[in-house]
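See below for the structure under consideration.
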Amino acid sequence: MSSPIASNIAIIGGGLASLTLALSLHQRGIPCTIYEARPESASTPGALMLSPNALRILDSLSIYPQIRDLGFNFSTVAFKNAAEETTDLYHLGGAAQYTYPCLRIYRQTLLLALRSAAARAGIAIHYSHKFLSIASTSPTTGPTTFAVQTPDGRTTNATASLLVGADGIHSRVRTQHVAPSAPAHYEGRVAITFAISRAQAGLPADYPCPVAIHGAGGAFVLAPQTPDGAAELLAGTQVAHPELDRDGLDIEAFPFGIPLLVNLFM
């Protein structure tokens with residue numbers, strides 16, 4: 001490519017990966033622009049676990065000190081059998097071994113920290129700009145031209161020396177250009193989760209969390225997601241179920257309830 005990659009990079013998608021990439025590029029003096037299909041007001045539900053390697057990257061971007069105390073820090077995940085016997089402890093983090101612990105934190109909390117850092121760095125984020133297609137590209141003679149839909153419904157073209165697809169599991173960049181013959185396939189299982197406090201769960205004071213309890217029906221997981229490790233825990237499991245469309249995912253019509261969830265792994 002004759003145009004330099006070190007300029008005018010476009011990132012499709014405004015999630016955790018794209019913002020982290022944008023900050024890393026900025027740190028190296030490489031300008032970029034983010035195009036996010038959803039409005040700025042859209043929230044990202046749920047929580048995730050950040051390994052020491054992820055925290056090391058976030059620390060290099062000065063993000064880690066901002067989020068360190070906003071989630072649940074831990075070192076091990078406990079595994080139990082149906083008799084509540086601890087069968088193993090898996091080390092996911094720890095200062096002694098990895099310099100960093102493992103951190104479970106709300107996705108939205110991390111997203112807002114990354115957005116704030118991007119704003120301070122002057123990284124442009126175009127919200128409600130939906131990627132449509134790649135209009136033209138040449139691996140040898142010039143930049144990539146691509147089409148996006150603006151908030152008012154118009155279609156406009158933009159150019160970049162490098163186009164990065166970070167637009168999720170249903171990525172248009174992947175399905176239209178990178179790997180059109182490899183669409184995402186449903187694997188036949190759904191996760192059923194809910195939030196519960198440690199007190200509501202009736203856990204003893206010395207009960208280890210996060211924990212995966214394995215029984216005949218599979219695994220049941222409890223994972224703290226607040227700094228105190230007690231106010232809110234993720235509780236959930238996975239079950240086999242036919243694929244559903246968006247209408248079929250209506251929780252009111254879903255054929256599972258908490259009583260069944262509690263008994264699935266017994």
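In the numbering used here, the protein residues as written are 1 to 266.
Just so you know, even glycine gets a beta-carbon here, dropped at the ideal spot from N, CA and C.
No experiment lies behind these values; they were computed from the predicted model shown.
Short Cβ contact (7 Å threshold) for residue i with residue j
i: residue 229; j: residue 193; result: no
i: residue 55; j: residue 127; result: no
i: residue 134; j: residue 177; result: yes
i: residue 155; j: residue 144; result: no
i: residue 49; j: residue 107; result: no
i: residue 93; j: residue 65; result: no
i: residue 18; j: residue 166; result: yes
i: residue 44; j: residue 111; result: yes
i: residue 169; j: residue 179; result: no
i: residue 204; j: residue 72; result: no
C-alpha distance - residue i paired with residue j, whole-angstrom precision
i: residue 188; j: residue 22; result: 35 Å
i: residue 14; j: residue 83; result: 44 Å
i: residue 164; j: residue 10; result: 6 Å
i: residue 174; j: residue 181; result: 9 Å
i: residue 270; j: residue 122; result: Outside the shown range of the chain (1 to 266) lies residue 270, about which nothing can therefore be said.
i: residue 239; j: residue 190; result: 6 Å
i: residue 197; j: residue 27; result: 40 Å
i: residue 24; j: residue 217; result: 43 Å
i: residue 172; j: residue 47; result: 25 Å
i: residue 40; j: residue 215; result: 42 Å
i: residue 59; j: residue 42; result: 26 Å
i: residue 16; j: residue 102; result: 17 Å
i: residue 12; j: residue 125; result: 10 Å
i: residue 199; j: residue 207; result: 12 Å
i: residue 153; j: residue 245; result: 26 Å
i: residue 89; j: residue 95; result: 16 Å
Cβ separation of residue i and residue j, assumed to be a contact under 8 Å, to the nearest whole Å
i: residue 243; j: residue 195; result: Not quite, the Cβ-Cβ distance comes to about 26 Å (not below 8 Å), so this is no contact.
i: residue 132; j: residue 147; result: 4 Å
i: residue 201; j: residue 222; result: 7 Å
i: residue 109; j: residue 57; result: Not confirmed; about 17 Å, so no contact.
Spatial neighbours of residue i in its chain, beta-carbon cut-off 8 Å, leaving aside the 5 residues before and after
i: residue 338; result: An answer regarding residue 338 cannot be provided, because it is not within the stretch 1 to 266 covered by the chain.
i: residue 62; result: 117
i: residue 160; result: 8, 9, 10, 33, 143, 144, 146
i: residue 186; result: 243
i: residue 241; result: 188, 189, 190
Nonlocal neighbours in the same chain, by C-beta distance under 7 Å from residue i, ignoring five residues either side
i: residue 97; result: 91
i: residue 69; result: 227
i: residue 219; result: 212, 213, 237, 265
i: residue 85; result: none
i: residue 262; result: For residue 262, the predicted structure reports a pLDDT of 46, less than 50, and the residue's modelled location is therefore unreliable. The matter cannot be settled from this model.
Close beta carbons around residue i, own chain, < 6 Å, minus the five adjacent residues each side
i: residue 87; result: 79, 81
- Message: Whether or not the stretch 113-123 and the stretch 24-41 are in contact is what I'm after, with contact meaning three or more pairs of Cβ atoms, one per stretch, closer than 8 Å; do they touch?
- Response: The answer is yes - the stretch 113-123 touches the stretch 24-41, with three or more Cβ pairs under 8 Å.
- Given 8 Å as the limit, is there contact between the stretch 208-222 and the stretch 71-81, that is, 3 or more CB pairs closer than that? Remark: three or more beta-carbon pairs, one from each stretch, lie closer than 8 Å, so the stretch 208-222 and the stretch 71-81 are flagged as touching.
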